[in-house]
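Chemist: In our numbering, the protein residues as written are 76 to 338. Beta carbons are placed, not taken as given, at the ideal position from N, Cα and C, and that holds for glycine. All values derive from a computational prediction rather than experimental measurement. Handing you this structure, nothing more for now.
Following this line, the structure appears as structure tokens:
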């Protein structure tokens, strides 16, 4: 009898799950997955075309859903050159990979999670990360035309992002940033400014053309695997006034031969 009750419970749970999450539905060329319990919709794909506008709300079977997520969508959409995202989107995950003609993207301020997206978007020239996001993971790698990255206040950690963007020359980082992990490798900038609250850098930020590093933190950040050859130790390092001795005695920076204080 207990076994029969247990099986009945499992069937009931399975039915409830099916009622909560619908199968994929295509509306106006955009694929959605619906969650009945939260009245939210996730974009999971679309017909490839030049311009896509994702609505803030969408109706299905007489019910209205708010579009809050983009997940595993827009991979190898070679026709896509422009997309408009609604202010209702909170998460972008594992999306926009190898969209070779995507030139512009505006990420709404509503987005709080940005992971594994915009890889190998060869024509993407610039991107601004809004202030609602706390951590960035695996974003905009191998974007050959990317020249400008601006990350707004609120972001505290960048991991595995903006690597192998060989034309990236402008990098603006926020004061809220504390950790940089394996990001910005092999860019094309001549100088980079590390904000005042960064306390740890893992991996190299150094490009072939880098001439100057400005660090705004008077306490030397810990740097791991930052330098790869002796020539890099000759790059000019500018540090806050009064912190020269601290940097020259720091295990992470003491081997640099051209350290000076801000004027």
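For the beta strand (DSSP E) that residue 287 lies in, which residues bound it at each end?
Modeler: Taken as a continuous stretch (DSSP letters only), the beta strand (DSSP E) holding residue 287 covers 287-290.
Chemist: Go ahead and label residue 338 buried or exposed: buried means 16 or more other beta carbons lie within 10 angstroms of its beta carbon, across all protein chains shown.
Modeler: exposed
Chemist: Determine the closest residue to residue 173 out of 184, 287, 150, with distance taken between C-alpha atoms.
Modeler: 150
Chemist: Indicate the three-state DSSP secondary structure (helix, strand or coil) for residue 98 in the structure shown.
Modeler: coil
Chemist: Can you look up residue 260 in the DSSP assignment and give me helix, strand or coil?
Modeler: coil
Chemist: If you compare alpha carbons, which of 208, 177, 293 is closest to residue 196?
Modeler: 177
Chemist: Between which two residues does the beta strand (DSSP E) carrying residue 188 extend?
Modeler: 188-192
Chemist: Quick check: the Cα distance between residue 162 and residue 131, rounded to an integer number of angstroms?
Modeler: 7 Å
Chemist: Give every residue of the same chain whose Cβ lies closer than 6 Å to the Cβ of residue 181, excluding the five residues on either side of it in the sequence, and list them in chain order.
Modeler: none
Chemist: With three or more beta-carbon pairs closer than 8 Å as the criterion, would you say the segment 301-317 touches the segment 239-257?
Modeler: no
Chemist: Buried or exposed for residue 79, going by 16 or more other Cβ atoms inside 10 Å?
Modeler: Reliability of the predicted coordinates at residue 79 is poor, the pLDDT of 46 falling under 50, and the value obtained from them is presented with this limitation in mind. So residue 79 counts as exposed.
Chemist: So is residue 330 buried or exposed if we call it buried at 16+ other beta carbons inside 10 Å?
Modeler: exposed
Chemist: In the DSSP output, what is residue 399 paired with across the bridge?
Modeler: The structure shown does not extend to residue 399, since the chain is modelled only from 76 through 338, so no value can be given for it.
Chemist: Please determine, among 262, 121, 190, the residue with the shortest C-alpha to C-alpha distance to residue 211.
Modeler: 190
Chemist: From the DSSP output, which residues share a beta bridge with residue 335?
Modeler: 313
Chemist: What's the C-alpha gap between residue 103 and residue 114?
Modeler: Taking the straight line joining both Cα atoms gives about 19 Å.
Chemist: Here's the rule I'm using: 16 or more other beta-carbon atoms within 10 Å means buried, otherwise exposed. How should residue 205 be labelled?
Modeler: When all chains shown are included, residue 205 counts as buried.
Chemist: I need the DSSP call for residue 305, collapsed to helix, strand or coil.
Modeler: helix
Chemist: Give the DSSP-derived three-state secondary structure of residue 138 in the structure shown.
Modeler: strand
Chemist: Whole angstroms are fine: how far does the CA of residue 217 sit from the CA of residue 287?
Modeler: 24 Å
Chemist: In the structure shown, what three-state DSSP assignment does residue 151 receive?
Modeler: coil
Chemist: Whole angstroms is fine: what's the gap from residue 324's alpha carbon to residue 271's?
Modeler: 19 Å
Chemist: Pop quiz: residue 243 and residue 264 are said to be a contact at Cβ under 8 Å. What is the actual Cβ separation, rounded to whole angstroms?
Modeler: The pair is a contact, with the Cβ atoms about 6 Å apart (cut-off 8 Å).
Chemist: Could you tell me the alpha carbon to alpha carbon distance between residue 317 and residue 296, rounded to whole angstroms?
Modeler: So the alpha carbons of these two residues sit roughly 15 Å apart.
Chemist: Assign residue 298 to one of two classes, buried (16 or more other C-beta atoms within 10 Å of its C-beta) or exposed (fewer than that).
Modeler: buried
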